[in-house]
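Quick note on full-length UniProt numbering: the sequence shown kicks off at 1 and runs consecutively. A short worksheet on the structure shown next.
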Amino acid sequence: AGIFDAGMFEYDTAWVLVHLRTAQEMFSAFRDPEGPEGAGQVSFVEIRVGDIYGTEAVMGELRERLGSEYVMQDWRQMNSLFFAALNLERLAMFVTISLIVFVAALNIVATLVLMVMEKNRDIGILLSMGATRLGILYAFIFQGLFIGLMGTATGLGLGIGASWLADHYQIISLPAEVYYLTHVPFIVRPVDFTVIAVMAVAISFVATLYPAWRASRLDPVEALRYE
Numbered sequence: 001a002g003i004f005d006a007g008m009f010e011y012d013t014a015w016v017l018v019h020l021r022t023a024q025e026m027f028s029a030f031r032d033p034e035g036p037e038g039a040g041q042v043s044f045v046e047i048r049v050g051d052i053y054g055t056e057a058v059m060g061e062l063r064e065r066l067g068s069e070y071v072m073q074d075w076r077q078m079n080s081l082f083f084a085a086l087n088l089e090r091l092a093m094f095v096t097i098s099l100i101v102f103v104a105a106l107n108i109v110a111t112l113v114l115m116v117m118e119k120n121r122d123i124g125i126l127l128s129m130g131a132t133r134l135g136i137l138y139a140f141i142f143q144g145l146f147i148g149l150m151g152t153a154t155g156l157g158l159g160i161g162a163s164w165l166a167d168h169y170q171i172i173s174l175p176a177e178v179y180y181l182t183h184v185p186f187i188v189r190p191v192d193f194t195v196i197a198v199m200a201v202a203i204s205f206v207a208t209l210y211p212a213w214r215a216s217r218l219d220p221v222e223a224l225r226y227e
């Protein structure tokens, strides 16, 4: 006899490892009255596979051999609530990041609109000297994109640096007997990195369109009337 420590709170508080025959003797409901002495039944059988993502094929083969009277579940079905919680958390994080980027886009719009109002005279002079409206449009679009790119690069750099520090120094610790982990891991995936960067730059570009269009439609006569 001994104490088995799986290192996971869910198992350590609810599971006991005993010999199969001992368990069958303790729970008489699983004895087989028609079998030989000491023989019995089991409530479930756990099977380990080499490829954890190939469980569907294994379950299909078992159904063909054993029939449909047996209930089969793989690790994803048994932990469906846990994975649903993870997906909900990912959705919440995506919504939060989207709101942050949206607020940043509003700041870009406000900054460029104020800049157009302050630069009315300069825009009017450029238009009167032969500058094209398309050139004015591109100038403000490029300026807005520059602000968006600088903000995106700064945010991604700070985020990657903070994630590395938090993971390397294990800043957020957890009780291992409950969560099976000693700290919260921070992993930067290239896919997430790319999606966030593209989304931020795209929203920044969209945010520049109205101020740039407004600047390009400015009437030079009105802009220079009171100068």
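All residues carry an ideal CB built from backbone N, CA and C; glycine is no exception. Because the structure is a prediction, the values reported are computed rather than measured.
- The region 153–170 and the region 213–222 do not touch, with fewer than three beta-carbon pairs separated by less than 8 Å.
- When the alpha-carbon of Leu-209 is set against those of Ile-172, Gly-148, Val-71, Glu-61, the nearest one is in Gly-148.
- Under the 10 Å beta carbon count, Phe-44 is surrounded by fewer than 16 other beta carbons and is classified as exposed.
- DSSP places His-168 in the helix class (H, G or I) of the three-state scheme.
- Here Ser-173 is bridged, per DSSP, to His-183.
- Taking Glu-61 as the centre and dropping the five residues before and after it, the same chain places no C-beta closer than 6 Å to its C-beta.
- Here the alpha carbon of Val-109 sits roughly 10 Å from the alpha carbon of Val-103.
- According to the DSSP assignment, Tyr-11 belongs to the alpha helix (DSSP H) that extends over 9–12.
- The straight-line gap separating the alpha-carbon atoms of Leu-99 and Met-59 is approximately 43 Å.
- Here DSSP, grouped into helix, strand and coil, assigns Ile-3 to coil.
- Within the same chain, and ignoring the five residues on either side of Ile-203 in sequence, the residues whose Cβ sits closer than 6 Å to its Cβ are Val-101, Ala-105.
- Contact between the region 67–77 and the region 109–127 is absent: fewer than three C-beta pairs spanning the two stretches fall below 8 Å.
- In this structure, the straight-line span from the alpha carbon of Gly-50 to that of Ile-196 is close to 35 Å.
- With distances taken between CA atoms, Met-129 lies nearest to Val-221 out of Val-221, Phe-4, Glu-10.
- Judged by DSSP secondary structure, Tyr-70 falls outside any alpha helix (DSSP H); it is assigned neither H nor E.
- Its Cα nearest to that of Phe-205, the residue Phe-142 stands out among Ala-57, Thr-22, Phe-142.
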